[in-house]
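K.L.:
The sequence shown: position 127 = 117 (this note's numbering), numbered continuously.
My questions will all concern the structure given below.
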Amino acid sequence: LDKKDSFGRSVLQATLDAYAMVTPDRVKVRSRLAEVVALLCEALGRSDVQEILEKEVPTLEAAREGERLRNRQLRTRCLKASAEKQAKVREEGLKNIAQYYRPLHNSLPLQEAPSKRIEEPFPGVFSFNLLAAESCQNFWEEVHHYEAAATQHVDPSRHLPLQIRHDGNLGNLQDCGFEPFLKSLEDMFRPILRECMPDVTDFSIYHAFLTRNYVGREQNATFKIHQDKSDLTFNLCVHASDDFQGSTVGFYESPGPGETPSPADRRYTYGHEVGKAAVHSGLIWHKTDAITAGTRGSLIAWARLGKDIPRPSVGDFVRLGENPRNSDGVLSNGAIGILVEDDGVSKQPFQVSNLDGSQYSYYHSADIITVEAEHSEAPLGTSTTIAD
């Protein structure tokens, strides 16, 4: 009876909250809860049961507000616990890689291509030779060597992380021991971007996957015109068989704001060569064409701008920052919400709910900022705002 729940309530207080939530027309339920209150008072050595029921029971409005607040706090705890669990799984996976995986190649340092002449064949799309063929081949072989090793490790204690994407390609390479490789690529890309994208002051690769295109692969017929889930996209060809044909990338011009281009809006076709890379904003519309002969593989790396910008955590209270790309949704007009999910890879990776969890909106990585908890104590179900 002396213990309190995780919200700081005694058993008696929790029972009085439950009593307050029952409307007067539910006579039997209120009567049974009153009996519980009487039993608790007796156990606590209190004889003022009637006075407690008259003076210490919160109003229905206050009880409902308290329940919404507790649900919000509980939901936040669950979200944070889930995020912490995912981070722990990632950490354990990387430890297992360091302990049990034996690399096929010593891939670092990377060998640069002899020439890095930058071209801009389509506005905002830059292409250049980046890696020597040997480095590309080593990476291609290493990823497949890792895939085989991860598939063979059946002992849970030696589990090597492996994600097969919905399209059959290998995803989350940053969680599979390839982060040093990706960091080396960052260093190679950085001076190139300073030349062709001077407005990009800094960036960081946060997600990477390997595409594998070959004739007969079902997904080759389902490529769609799309924008990427990133601030910047790097597309580096790391494999191409001698007989490969097709598998080009078409770039499109949108007919108007918010409109998806049609095939008629295609403006440029990009051809892959081993060691050649293309970089463009994730907002540029494009589509990979079907491969018609041979095999081709590319490393796709997604980057976010502003390397040193603190990233909100799942469960944080958030609001819109300055000049957001998306100023609508649950955070419009200065409203505060809860960061429900950060998938880490999408163009709009943050799923944010309003305070009572009844509505959701998606935001870009630079759209939202964390709000101190003291600003989030307004009643749930209302539009909560704070002044700038």
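Ideal Cβ placement from N, Cα and C applies to all residues, glycine included.
No experiment lies behind these values; they were computed from the predicted model shown.
Exposed or buried, what is C227 when buried is set at 16 or more other beta-carbons lying within 10 Å of its beta-carbon?
P.N.:
Label assigned to C227: buried.
K.L.:
Taking contact to mean 3 or more Cβ pairs, one atom from each stretch, closer than 8 Å, check whether the segment 5 to 13 and the segment 24 to 38 are in contact.
P.N.:
Yes, since at least three Cβ pairs between the segment 5 to 13 and the segment 24 to 38 fall closer than 8 Å, the two stretches touch.
K.L.:
So L226 is in the alpha helix (DSSP H); what residue range does that whole segment cover?
P.N.:
Here L226 belongs to no alpha helix (DSSP H); instead the beta strand (DSSP E) covers L222 to A230.
K.L.:
List the endpoints of the continuous beta strand (DSSP E) containing Y196.
P.N.:
Residues F193 to Y204.
K.L.:
For N323, name the three-state secondary structure that DSSP assigns.
P.N.:
Here N323 sits in helix by DSSP.
K.L.:
Could you tell me the alpha carbon to alpha carbon distance between R36 and K(-7), rounded to whole angstroms?
P.N.:
Each residue's Cα considered, the two are about 17 Å apart.
K.L.:
Starting from F241, trace the beta strand (DSSP E) both ways and give me its first and last residue.
P.N.:
Note, F241: beta strand (DSSP E), V239 to Y242.
K.L.:
Restricting to Cα atoms, I'd like to know which of Q142, E137 and S147 is closest to Q153.
P.N.:
Out of Q142, E137 and S147, E137 has the C-alpha closest to the C-alpha of Q153.
K.L.:
Can you tell me where the alpha helix (DSSP H) holding T5 begins and where it ends?
P.N.:
Its alpha helix (DSSP H) spans residues V1 to M11.
K.L.:
Taking the beta carbon of T374 as the centre, do at least 16 other beta carbons fall within 10 Å, making it buried, or is it exposed?
P.N.:
Note that T374 has pLDDT 38, beneath the 50 cutoff, so the model's placement of it is unreliable and the number below is only indicative. Classification of T374: buried, given that the 10 Å Cβ count is 16 or more.
K.L.:
Buried or exposed: which applies to L50, given that a residue is buried once 16 or more other Cβ atoms fall within 10 Å of its Cβ?
P.N.:
With fewer than 16 Cβ atoms within 10 Å of its Cβ, L50 is classed as exposed.
K.L.:
Between V330 and E74, what straight-line distance do the alpha-carbon atoms span, to the nearest angstrom?
P.N.:
So the two alpha carbons sit approximately 13 Å from each other.
K.L.:
From the DSSP secondary-structure annotation, give me the bridge partner or partners of G236.
P.N.:
Partner(s): I281.
K.L.:
On the DSSP letters alone, give me the boundaries of the beta strand (DSSP E) that E256 sits inside.
P.N.:
As written in the sequence, residue 256 is Arg, which differs from the Glu given in the question. Start and end: R256 to Y260.
K.L.:
Alpha carbon to alpha carbon, how far is R58 from G327?
P.N.:
Cα to Cα, the separation comes out at about 14 Å.
K.L.:
How many Å lie between G265 and L100 at the Cα?
P.N.:
So the two alpha carbons sit approximately 11 Å from each other.
K.L.:
For the alpha helix (DSSP H) holding Y136, just list the boundary residues, first then last.
P.N.:
From DSSP, the alpha helix (DSSP H) with Y136 extends over A123 to Q142.
K.L.:
Which residue wins for smallest C-alpha separation from R286, given the options S343, Y204, G83 and D221?
P.N.:
Answer by Cα proximity: Y204.
K.L.:
By DSSP's criteria, S288 is part of a beta bridge. Which residues make up the other side?
P.N.:
Per DSSP, T201 and C227.
K.L.:
With DSSP as the reference, please indicate the residues paired to F116 in a beta bridge.
P.N.:
Answer is V269.
K.L.:
Please state the DSSP three-state secondary structure of L152.
P.N.:
If DSSP states are grouped into helix, strand and coil, L152 belongs with coil.
K.L.:
If distances are taken between C-alpha atoms only, which option among P151, R257 and I358 comes closest to G311?
P.N.:
Out of P151, R257 and I358, I358 has the C-alpha closest to the C-alpha of G311.
K.L.:
Do the segment 231 to 241 and the segment 263 to 279 make contact, defined as three or more Cβ pairs closer than 8 Å?
P.N.:
Yes, since at least three Cβ pairs between the segment 231 to 241 and the segment 263 to 279 fall closer than 8 Å, the two stretches touch.
K.L.:
Determine contact between the segment 316 to 327 and the segment 349 to 356, defined as no fewer than three beta-carbon pairs at a distance below 8 Å.
P.N.:
A contact exists between the segment 316 to 327 and the segment 349 to 356.
K.L.:
Do you know how far the Cα of L172 is from the Cα of A122?
P.N.:
So the alpha carbons of these two residues sit roughly 16 Å apart.
K.L.:
Out of L222, L30 and R54, state which residue places its alpha-carbon closest to the alpha-carbon of Q338.
P.N.:
Among L222, L30 and R54, the Cα nearest to that of Q338 is on L222.
K.L.:
Identify every residue that forms a DSSP beta bridge with A293.
P.N.:
DSSP, once it has assigned bridges, lists I195 and L222 as partnering A293.
K.L.:
Under 8 Å, do F199 and L175 count as touching if we go by C-beta distance?
P.N.:
No, the Cβ-Cβ distance between F199 and L175 is not below 8 Å.
K.L.:
Within this structure, are the beta carbons of Y258 and G167 separated by less than 8 Å?
P.N.:
Cβ distance not < 8 Å, so Y258 and G167 don't count as in contact.
K.L.:
Scan the segment 21 to 102 and note each continuous alpha helix (DSSP H) run of 4 residues or more that stays entirely inside, going in chain order.
P.N.:
39 to 45 and 50 to 90, all fully within the segment 21 to 102.
K.L.:
Could you give the first and the last residue of the continuous beta strand (DSSP E) run that contains F179?
P.N.:
That residue, F179, is in no beta strand (DSSP E); its alpha helix (DSSP H) goes E169 to C186.
K.L.:
Closest to F307 by C-alpha separation, out of R22, Q63 and Q235, would be which residue?
P.N.:
Selected option, being the one with the closest Cα: Q63.
K.L.:
Return helix, strand or coil for S343, following the three-state DSSP convention.
P.N.:
Strand at S343.
K.L.:
By the three-class DSSP mapping on this structure, what secondary structure does P253 have?
P.N.:
DSSP places P253 in helix when its eight states are reduced to three.
K.L.:
Inspect the beta-carbon positions of W292 and H197 and report whether they are closer than 8 Å.
P.N.:
Yes, these two residues count as a Cβ contact at 8 Å.
K.L.:
Let me know if Q89 comes out buried or exposed under the rule of 16 or more other beta-carbons within 10 Å of its beta-carbon.
P.N.:
Classification of Q89: exposed, given that the 10 Å Cβ count is below 16.
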